[in-house]
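To convert a position in the sequence shown, counted from 1, into the numbering used here, add 745.
Structure first, commentary second.
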Amino acid sequence: MTASANKQLMQELLAKAAACDRAAYVAAIADDVTMVITGQYSWSQTIRGKEALLRDLHGHLASLLAEGRRTLPLRFIAEDDLVVVEAKGEMRTRAGRAYDNDYCLIFRLHEGRIVEIREYCDSALTEAVLGPFPASLRQAS
């Protein structure tokens with residue numbers, strides 16, 4: 746796919762996800778996806794595989810965040826097989842605390858599938874509001 750087609754695909758997937766319809770986004774994730782959460786804090790890690798991503802990261806987030814959580818894409822930049830997305834979270838914890846993080850997400854696509862995700866965010870906000878990432882959910886390195 747071209748950079749333009751990859752950009753359009755990510756715009757469509759993230760628009761649906763922002764409307765709380767995550768099915769198309771989840772379906773577009775490759776089984777062998779790699780997600781890198783950058784930084785030097787407890788959430789920083791490399792997650793390998795769709796099953797682990799959905800179970801460990803997304804599952805843990807679902808346990809912490811109230812329904813209706815969403816990430817709003819603000820800007821898309823595409824080159825080759827990469828799509829960079831600037832986004833803003835609109836979320837609340839189950840206890841009612843705001844969690845409106847800022848994100849830079851870099852998606853690498855192959856044949857219309859998301860094969861790699863790199864996440865940059867306000868790590869201090871993540872730790873302050875969501876707490877440390879459970880060691881029991883981390884993949885062995």
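Ideal placement from N, C-alpha and C gives every residue a C-beta, glycine not left out.
First through last residue of the beta strand (DSSP E) which encompasses residue i
i, result
"Tyr770", "It is not in any beta strand (DSSP E) - Tyr770 instead sits in the alpha helix (DSSP H) that spans Ala768 to Ala773."
"Gly834", "Leu827 to Glu835"
"His855", "Asp847 to His855"
"Leu817", "Arg815 to Glu824"
"Gln790", "Gln790 to Arg793"
"Glu812", "Segment: none, Glu812 is in no beta strand (DSSP E) and carries neither H nor E."
"Arg765", "The sequence shown places Cys at residue 765, rather than the Arg named in the question. Premise fails: Cys765 is in no beta strand (DSSP E) and is neither H nor E."
Given residue i as reference, the closest of the options once Cα atoms are compared
i, options, result
"Leu809", "Arg842, Ala760, Ala885 and Ala764", "Arg842"
"Leu765", "Ala832, Tyr865 and Arg815", "Per the sequence presented here, residue 765 reads as Cys, with Leu not at that position. Closest by alpha carbon: Arg815."
"Ile887", "Val829, Leu806, Arg793 and Pro877", "Any property of residue 887 remains undetermined from this structure, which presents the chain solely from 746 to 886."
"Ala880", "Glu812, Val778 and Ser787", "Ser787"
"Thr779", "Arg853, Lys761, Leu870 and Val874", "Arg853"
"Pro877", "Ile859, Leu802 and His855", "Leu802"
"Cys849", "Gln756, Val830 and Ile859", "Val830"
"Gly813", "Glu872, Glu757 and Arg767", "Arg767"
"Ala891", "Phe821, Ala807, His855 and Ile859", "This structure cannot settle anything about residue 891, because the visible part of the chain is limited to 746 through 886."
Cutoff 7 Å; reference residue i; Cβ partners in own chain excluding five residues on either side
i, result
"Asp867", "Asn846 and Asp847"
Own chain, CB closer than 6 Å to residue i, minus 5 neighbours either side, in chain order
i, result
"Val781", "Thr791 and Arg863"
"Tyr770", "Leu758 and Ala762"
"Tyr776", "A small fix is needed here, since residue 776 is Asp in this sequence, not Tyr. Contacts found: Lys795."
Residue burial classification, residue i (beta-carbon count within 10 angstroms, cutoff 16)
i, result
"Ala823", "buried"
"Gln819", "Looking at the sequence itself, residue 819 is Leu, so the reference to Gln does not match. So Leu819 ends up on the exposed side."
"Ala762", "buried"
"Ala832", "buried"
Proximity below 9 Å, CB of residue i to CB of residue j
i, j, result
"Glu835", "Ile851", "no"
"Asn751", "Leu817", "no"
"Gly857", "Leu759", "no"
"Leu882", "His805", "yes"
"Thr783", "Tyr865", "yes"
Cut-off 8 Å between Cβ atoms - residues of its own chain near residue i, not counting five sequence neighbours on either side
i, result
"Thr838", "Leu809, Leu810, Ala811, Tyr844, Val874 and Leu875"
"Ala797", "Gln884"
"Asp825", "Ala748"
"His855", "Ala775 and Asp826"
Alpha helix (DSSP H) segment containing residue i, residue limits
i, result
"Ser868", "Ser868 to Leu875"
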